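Here's the structure, in structure tokens; my notes come after.
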Amino acid sequence: MEQGVTNLNRFLLEQQREFPGATGGFTILIESIGFASKIISREVNKAGIVNIIGRAQSTNVHGEDQQKLDVYADKKMIQALDHLGKLCAMASEENDDLILIPSKYPKGKYLAAFDPLDGSSNIDVNISIGTIFGIYKRKDDKEGDGCCEDFYQPGRDMVAAGYILYGSSTMMVYSAGNGVHGFTLDPSVGEYILSHPNMQMPDRGKIYSMNEANYNLWDDATKKYLSYIKNDVDTKYTSRYIGSLVADFHRNLLKGGIFIYPEDKNNPDGKLRLLYECAPLAFIAEQAGGRAVNGKEDILDVVPTGLHQREPLAIGSKYEVDLYMKFKRGEL
Ligand code: AHM
Ligand code: MG
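Reading the sequence shown from the start, the letters are residues 461 to 792 in the working numbering.
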């Protein structure tokens, strides 16, 4: 290892040493997600030249066509995590039901929720996509298999959350409640290298990210908010919308701004899923000094009642999200 270069493994071990009671269980979970993501990254990079893109013959719980890479990424995440003896259950966007740990493996106290490949409609046009994950700890002292109810805890109680962005480079960004740290994959050695320690989201930004094609379906508060920021003479806002949540969020994390996927007439609960899309990114946002809301309350205070529950999401710099809440509360 070059002097001065910190890889993910070293970073996790150093963090682990700061918690004298830590058993290393959590460290191995994050490392294993990192391992799965390297394999997914390799396949994503090959997607243009290997005949892997295209639709698999299956539909997920939301009635959406699954892309082959979705299925592949889902398998890799499960295979990387199921045998560690650290988890008691998993939940994935690509699986209708709870994923139990095979009986031949020991069970642990943690739960993992993930969207193995988010923004998958972008795969066949060579646009950035991502993996999102949240790690929870079961609330009771029971041993053995976990159940759906174990996941029904507020995001604020999450142990760790993060994402991997398959972009012009592959990056892993995670937080275990001790700041947000970003690692860039060095493909020449296959290692995640600490490139963005202690990431902070600017308090205010100039970017708004919304699918404006849905404008006519939004409520008045959201329409008024958009009109307000467009007419802000002090801040010249600019619009950026990739349609890939991880990529839109990551850009706003670095540059500041807001991403909103609100509820609308066709989707009264919004589009994005609470457990493995909204909550993990909300955890990262808050850890980086930003904020995430559903228009009524902070995302991290929402207690899920279903594995695949949808939630409206406004996430980003504190100033922009606070302002959006003022419109949603009818104060502006
Ligand atoms: P997916 O999980 O099926 O990939 O959908 C989630 C994606 C997000 O990445 C993105 O923010 C959103 O859907 C875009 O939706 P829309 O195309 O309606 O703007
Ligand atoms: Mg998704």
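By construction, the Cβ of each residue, glycine as well, lies at the ideal position given by its N, Cα and C atoms.
Please read all numbers here as calculations on a predicted model, not as lab measurements.
Does the Cβ of residue i lie closer than 7 Å to at least one heavy atom of ligand 1?
i: Lys731; result: yes
i: Gly703; result: yes
i: Asp708; result: yes
i: Asp724; result: no
i: Ser581; result: yes
i: Asp575; result: yes
i: Asn671; result: yes
i: Tyr626; result: no
i: Tyr721; result: yes
Under the criterion of a Cβ to heavy atom distance below 7 Å, does residue i qualify as lining ligand 2?
i: Asp578; result: yes
i: Glu554; result: no
i: Asp534; result: no
i: Gly503; result: It is worth fixing the name first, because residue 503 is Glu in this sequence and not Gly. Not under cutoff, so the answer is no.
i: Glu737; result: yes
Determine the contact status of residue i and residue j, defining contact as a CB-CB distance below 8 Å.
i: Ala621; j: Phe486; result: no
i: Asp605; j: Ile589; result: no
i: Glu757; j: Asp729; result: no
i: Ala748; j: Met659; result: yes
i: Ile488; j: Leu529; result: no
i: Ile702; j: Tyr784; result: no
i: Tyr721; j: Ile490; result: no
i: Thr630; j: Ser501; result: yes
i: Leu741; j: Ile592; result: yes
i: Gln475; j: Asn638; result: yes
i: Met802; j: Gly750; result: Lying outside 461 to 792, the shown extent of the chain, residue 802 is not represented and no answer is given.
Sorted by chain position, which residues of the same chain lie with C-beta nearer than 7 Å to residue i's C-beta, five sequence neighbours on each side aside?
i: Pro562; result: Asp542
i: Pro566; result: Gly545
i: Glu478; result: none
i: Trp678; result: Pro722 and Asp724
i: Lys498; result: Leu645 and Gly650
i: Leu732; result: Leu705, Tyr721, Cys738, Arg770, Glu771 and Leu773
i: Val465; result: Ile653
i: Leu560; result: Ala549 and Asp605
i: Ile587; result: Ile702 and Ser704
Of all the options the options, which has the alpha carbon lying nearest to the alpha carbon of residue i?
i: Glu724; options: Gly494, Gly755 and Thr698; result: Here residue 724 turns out to be Asp, not Glu, going by the sequence shown. Closest option to Asp724, Cα to Cα, is Gly755.
i: Pro613; options: Gly594, His641, Leu489 and Glu672; result: Checking the sequence shown, residue 613 turns out to be Gln, not Pro. Nearest option by C-alpha distance: Gly594.
i: Val763; options: Lys569, Lys602, Leu714 and Arg616; result: Arg616
i: Cys607; options: Leu558, Ile583 and Tyr652; result: Leu558
i: Ala496; options: Ile587, Thr483, Cys548 and Tyr652; result: Tyr652
i: Ser580; options: Gly716, Arg751, Ala507 and Tyr688; result: Ala507
i: Glu603; options: Lys569, Phe611, Tyr596 and Val585; result: Lys569
i: His641; options: Leu792, Glu780 and Ala745; result: Ala745
i: Asn727; options: Leu713, Val753, Asn674 and Ile759; result: Asn674
i: Val753; options: His768, Leu767 and Asp782; result: Asp782
i: Thr695; options: Leu714, Ala636, His656 and Glu780; result: Glu780
i: Pro647; options: Ile759, Asn505, Leu686 and Ala636; result: Asn505
i: Ala636; options: Glu672, Tyr596, Arg664 and Asp663; result: Tyr596
i: Leu767; options: Gly484, Thr483, Asp556 and Met537; result: Asp556
i: Asn712; options: Ser687, Thr765, Asp663 and Tyr688; result: Asp663
i: Glu791; options: Tyr685, Phe743, Pro657 and Gly716; result: Tyr685
i: His656; options: Leu714, Ile587, Asp600 and Asn586; result: Leu714
Taking 6 Å as the limit between beta carbons, can you name the residues of its chain near residue i, skipping five residues before and five after?
i: Asp534; result: Ser552, Glu554 and Pro576
i: Ala540; result: Ser492, Phe495 and Ala496
i: Ala681; result: Phe787 and Lys788
i: Arg700; result: Ile667 and Ser669
i: His710; result: Leu625
i: Met537; result: Ala496, Phe574 and Pro576
i: Asp761; result: Pro614
Identify, in the order they occur along the chain, each residue of the same chain with its Cβ nearer than 8 Å to the Cβ of residue i, setting aside the five sequence neighbours on each side.
i: Met461; result: Residue placement at Met461 is flagged as unreliable, the pLDDT there being 49, under the threshold of 50; the coordinate-derived value follows with that caveat. If we look at Met461 and ignore the five residues flanking it on each side, its Cβ neighbours are Asn467 and Arg470.
i: Lys598; result: With the sequence shown as reference, residue 598 is identified as Arg, and Lys is not the correct amino acid for it. Correct list, in chain order: Cys548, Lys569, Tyr570, Leu571, Gly606 and Asp610.
i: Lys690; result: Tyr697
i: Lys683; result: Tyr675
i: Gly484; result: Gln476
i: Thr765; result: Tyr612
Got a sec: is the Cβ-Cβ distance from residue i to anything in chain D below 8 Å?
i: Ser628; result: The structure shown has no chain D; it contains just one protein chain.
Does the beta-carbon of residue i, which I'm using as the reference point, lie nearer than 7 Å to any heavy atom of ligand 4?
i: Tyr675; result: For ligand 4, the structure offers nothing, since it holds only ligand 1 and ligand 2.
(message) Three or more C-beta pairs under 8 Å: does that hold for the region 734-743 against the region 573-591?
(response) yes
(request) Could you tell me whether the region 766-782 touches the region 659-670, using the rule of 3 or more Cβ pairs below 8 Å? (result) yes
(request) For the region 693-710 and the region 621-640, state whether three or more C-beta atom pairs, one from each stretch, are separated by less than 8 Å. (result) yes
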